[in-house]
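Residue numbers (full-length UniProt numbering): 1 to 177.
1. Could you name the residues of the same chain whose beta carbon sits closer than 7 Å to that of residue 29, not counting the 5 residues immediately before and after it, in chain order?
2. Excluding the 5 residues flanking residue 5 on each side, which residues of the same chain have their C-beta closer than 8 Å to its C-beta?
3. For residue 64, which of 134, 143 and 44 has the nearest alpha-carbon?
4. For residue 62, which residues from the same chain have a beta carbon less than 7 Å from its beta carbon, with the 5 sequence-adjacent residues on both sides left out?
5. Is the beta carbon of residue 50 sitting closer than 8 Å to the one on residue 74?
6. For residue 128 and residue 144, I'd like the C-alpha separation in whole angstroms.
7. If you draw a straight line from the alpha carbon of residue 68 to that of residue 88, how long is it in whole angstroms?
8. Within the continuous alpha helix (DSSP H) that includes residue 84, where are the two ends?
9. Buried or exposed for residue 2, going by 16 or more other Cβ atoms inside 10 Å?
10. Under DSSP, the alpha helix (DSSP H) around residue 152 begins and ends at which residues?
11. Among 35, 98 and 77, whose alpha-carbon lies nearest the alpha-carbon of residue 52?
12. Pull up the CB-CB distance for residue 80 and residue 57, whole angstroms please, since I reckon it's below 8 Å.
13. So the alpha helix (DSSP H) residue 52 belongs to, where does it begin and stop?
14. Return the CA-CA distance between residue 110 and residue 103, expressed in angstroms with no decimal places.
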C-alpha cells in the first residue's frame, strides 16, 4: 500500500466514493450567489448564479442546453454576444499568427545573404574603433588640462551665494590625468 497513491475527494479516498459516471463530483461554485448551497446550485444554476454568461461558459457542454432553455432573452443575448466575441478573438489570433509567421519567414529570407563579415565591419566603421575612442579621450583630456586655469578662474568669479566654489575646485582637482 506504500507505493499506491490514493486520490482523495473531500477527505474520502476516491475508490470508496459511490457516484455515477455522469454525476458531477467537482462543482464550480465561483459564479454561485452568496449563501447558495451546492445542491441548489447544481439543481438550478440559472436561478442561483451571479453571472449568467460566465456560468453558462463554465458548464459542461451536455448541461448547457438545459441552462439555455431556462435563461431569459436578455441573459441569452449576453451569452451569445460573449460566445461571438470569443470566436472572433480565436479567428483574429489564428490570422495574426499566420500573418506574423509569413512576415517573419520573408524577413529571414531577405536577410539570409546580408550578414556582414568582420572585415566588412571594420571597413564600415573605419580604423580600429578603440583607437578612435582613445584618441577622442586624449583630446578631451588635453583640452581640460589646457583650460584648467580658465576653469579655476571662472569658478572663483562665482558669487558666494551660488554653488560652493571650493566644491567646484575640488571636483576640478579630481579630473587630473
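We put the beta carbon where it would ideally sit given N, CA and C, even for glycine.
The structure says:
1. Start at 1 with the first residue of the chain shown, and residue 29 comes out as number 29. Result list for residue 29: 38 and 41, in chain order.
2. Position 5 of the chain shown, counting from 1, holds the residue named residue 5. Annotation note: pLDDT 44 at residue 5 (below 50); position unreliable, no value reported.
3. In the chain shown, the residue the question calls residue 64 occupies position 64. For the residues 134, 143 and 44, the minimum Cα distance to residue 64 belongs to 44.
4. Residue 62 sits at position 62 when you count from the first residue of the chain shown. Correct list: empty, nothing qualifies.
5. Position 50 of the chain shown, counted from the start, is the residue given in the question as residue 50. Position 74 of the chain shown, counted from the start, is the residue given in the question as residue 74. No; because the gap between Cβ atoms is not below 8 Å, this pair is not in contact.
6. Walking along the chain shown from the start, residue 128 turns up at place 128. Walking along the chain shown from the start, residue 144 turns up at place 144. About 25 Å.
7. As a working note, residue 68 is residue 68 in the chain shown. As a working note, residue 88 is residue 88 in the chain shown. Straight-line Cα distance between these residues: approximately 21 Å.
8. Your numbering for residue 84 matches position 84 in the chain shown. Note, residue 84: alpha helix (DSSP H), 73 to 111.
9. Position 2 of the chain shown, counting from 1, holds the residue named residue 2. Because the pLDDT of residue 2 is 43, which lies under 50, any placement of that residue in the model is unreliable, and the question is left without a value.
10. Numbered from 1 along the chain shown, position 152 holds the residue referred to as residue 152. Run containing residue 152: 129 to 157, per the alpha helix (DSSP H) assignment.
11. Within the chain shown, residue 52 is the residue found at index 52, counting from 1. For residue 52, the nearest C-alpha among the options comes from 77.
12. In the chain shown, the residue the question calls residue 80 occupies position 80. In the chain shown, the residue the question calls residue 57 occupies position 57. The Cβ separation is near 11 Å, so there is no contact.
13. Taking the chain shown and counting its residues from 1, the one referred to as residue 52 is at position 52. 52 to 58 is the span of the alpha helix (DSSP H), which, as asked, contains residue 52.
14. In the chain shown, the residue the question calls residue 110 occupies position 110. In the chain shown, the residue the question calls residue 103 occupies position 103. Rounded to whole angstroms, residue 110 to residue 103 spans 11 Å at the Cα level.
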